[in-house]
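**Q** Just dropping this structure here.
Numbering (this note's numbering), first residue to last: 1040 to 1318.
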């Protein structure tokens, strides 16, 4: 049978190779090589005889679904697939944490094995110091619509009903083993993000904020989403996030586990001077 060679791409320069064995270091610059997939390649006579490597032509390079990282990155970030770049940019700029299943549904939903594809991408990003992971048992809610969408001309909402709906959904969110993914300091620096790491006692709420972002991203799109961590520190409360809708800035507050009616009313009063969504 024709041997199956492995495709690898340098994490730093433009060298791309097909080789019968894994290649750990670039023969040109010594930087780590990324194994993209196990494919049946075109190769030259040396590789066909099992001795030597075949460098891809520009045509075959263009057919590979790896693309180079941004040219102006100065930290040697690896080439990555578009989905992986969207994943790390989301963690750096849009939300503090994602579960592996959230990442799979958002960025790898078109793949035959979304979770496996997401996990493989996370492993590659982790290898290069851009993300970290943590396993834990967490309750995750997946809101599909706001519990309240409020405008300046609306009257006082029925906060008791909102509190009851919030309590019910968190009661149904039973803790389950979950793999969480975070951007590292290196990842945030490389992709211009401000989202700090999620703290243990905030993680369920942070995952709910991430779920809201992904829900908006998949339904109406999210223009100018701004996470809480992107606001400058100052006295008073900062919203969980804001985004632009119909030329207005909408405040997003995600109701966490154990929010009482009184706390929900305090949130509503704090942000009722403009369009507000309580999720």
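Note that the Cβ used here is the ideal one computed from N, Cα and C, for glycine as well.
Entirely within the region 1108-1191 and at least 3 residues each: give me those beta strand (DSSP E) ranges in chain order.
**A** Listed in chain order, they are 1170-1177 and 1187-1189.
**Q** Are residue 1279 and residue 1233 touching if we call contact CB-CB under 8 Å?
**A** Locating residue 1279 in the chain shown gives position 240, counting from the first residue. Locating residue 1233 in the chain shown gives position 194, counting from the first residue. No, they are not a contact pair.
**Q** Should the region 1220-1228 be called in touch with the region 1167-1177, which here means at least 3 C-beta pairs below 8 Å?
**A** With a cut-off of 8 Å, the region 1167-1177 and the region 1220-1228 count as touching, because enough Cβ pairs lie within range.
**Q** In the DSSP assignment, find the alpha helix (DSSP H) that holds residue 1222 and state where it starts and stops.
**A** Counted from its first residue, the chain shown places residue 1222 at position 183. From DSSP, residue 1222 is part of no alpha helix (DSSP H) but of the beta strand (DSSP E) over 1215-1222.
**Q** For a quick check, are the C-beta atoms of residue 1250 and residue 1180 less than 8 Å apart?
**A** Reading the chain shown from its first residue, position 211 is the one you call residue 1250. Reading the chain shown from its first residue, position 141 is the one you call residue 1180. Yes. Within cutoff.
**Q** Please report how far the alpha carbon of residue 1166 lies from the alpha carbon of residue 1154, in whole angstroms.
**A** In the chain shown, counting from the first residue as 1, residue 1166 sits at position 127. In the chain shown, counting from the first residue as 1, residue 1154 sits at position 115. Each residue's Cα considered, the two are about 18 Å apart.
**Q** Classify residue 1215 as buried or exposed, calling it buried when 16 or more other Cβ atoms lie within 10 Å of its own Cβ.
**A** Walking along the chain shown from the start, residue 1215 turns up at place 176. Its Cβ having fewer than 16 others within 10 Å, residue 1215 is exposed.
**Q** On the DSSP letters alone, give me the boundaries of the beta strand (DSSP E) that residue 1290 sits inside.
**A** The count along the chain shown starts at 1 and reaches residue 1290 at position 251. Element bounds for residue 1290: 1287-1292.
**Q** With a threshold of 8 Å on Cβ separation, who are the neighbours of residue 1302 within its own chain once the five nearest residues in sequence on each side are excluded?
**A** The residue labelled residue 1302 in the question sits at position 263 within the chain shown. Result list for residue 1302: empty, nothing under 8 Å.
**Q** Using a Cβ-Cβ cutoff of less than 6 Å, which residues in the same chain neighbour residue 1157 once the five nearest sequence positions on both sides are dropped?
**A** Numbered from 1 along the chain shown, position 118 holds the residue referred to as residue 1157. Here the set comprises 1139, 1142, 1143 and 1147.
**Q** When the distance is taken between beta carbons, is residue 1133 closer than 8 Å to residue 1264?
**A** Position 225 of the chain shown holds residue 1264. Position 94 of the chain shown holds residue 1133. Yes, Cβ-Cβ distance for residue 1264 and residue 1133 is below 8 Å.
**Q** Could you check whether residue 1253 and residue 1184 sit closer than 8 Å to each other, using their CB atoms as the reference points?
**A** Position 145 of the chain shown, counting from 1, holds the residue named residue 1184. Position 214 of the chain shown, counting from 1, holds the residue named residue 1253. No, Cβ-Cβ distance for residue 1184 and residue 1253 is not below 8 Å.
**Q** Do you know whose CA, among 1192, 1123, 1266 and 1291, lies nearest residue 1162's CA?
**A** Along the chain shown, read from residue 1 onward, the residue named residue 1162 stands at position 123. Of the listed residues, the one whose Cα sits closest to residue 1162 is 1123.
**Q** Taking the alpha-carbon of residue 1213 as reference, which of 1177, 1205 and 1222 has the nearest alpha-carbon?
**A** Sequence index remark: in the chain shown, residue 1213 carries index 174 (1-based). Considering only alpha carbons, the answer is 1177.
**Q** Quick check on residue 1104: buried or exposed, where buried means 16 or more other Cβ atoms within 10 Å of its Cβ?
**A** The residue given as residue 1104 occupies position 65 in the chain shown. Reliability of the predicted coordinates at residue 1104 is poor, the pLDDT of 29 falling under 50, and no value is obtained from them.
**Q** Look at the Cβ atom of residue 1293, then the Cβ atom of residue 1219, and state whether they are nearer than 8 Å.
**A** The residue you call residue 1293 lines up with position 254 of the chain shown. The residue you call residue 1219 lines up with position 180 of the chain shown. Taking 8 Å as the Cβ cut-off, residue 1293 and residue 1219 do not qualify as a contacting pair.
**Q** For residue 1240, does the count of other Cβ atoms within 10 angstroms reach 16, so buried, or fall short, so exposed?
**A** Taking the first residue of the chain shown as 1, we reach residue 1240 at position 201. Burial call: exposed.
**Q** Return the residue from the list 1119, 1314 and 1297 that minimises the CA-CA distance to residue 1289.
**A** Taking the first residue of the chain shown as 1, we reach residue 1289 at position 250. Residue 1314 is the option with its Cα nearest to residue 1289.
**Q** How is the alpha helix (DSSP H) around residue 1280 delimited, first residue to last?
**A** Counted from its first residue, the chain shown places residue 1280 at position 241. No alpha helix (DSSP H) contains residue 1280, which is instead part of the beta strand (DSSP E) from 1280-1284.
**Q** Where DSSP assigns a beta bridge to residue 1265, which residues make up the other side?
**A** For the purposes of this step, residue 1265 is taken as residue 226 along the chain shown, with counting starting at 1. According to DSSP, which records beta bridges pairwise, residue 1265 is partnered with 1281.
**Q** To the nearest angstrom, how far is it from the Cα of residue 1211 to the Cα of residue 1175?
**A** The residue you call residue 1211 lines up with position 172 of the chain shown. The residue you call residue 1175 lines up with position 136 of the chain shown. Using only the alpha carbons, I get a separation of about 18 Å.
**Q** What did DSSP end up calling residue 1276 once you bin it into helix, strand or coil?
**A** Here residue 1276 is taken as the residue at index 237 of the chain shown, counted from 1. Note: residue 1276 maps to coil in three-state DSSP.
**Q** Between which two residues does the alpha helix (DSSP H) holding residue 1241 run?
**A** Residue mapping note: residue 1241 aligns to position 202 of the chain shown, counting from 1. Neither: residue 1241 is in no alpha helix (DSSP H) and is coded neither H nor E.
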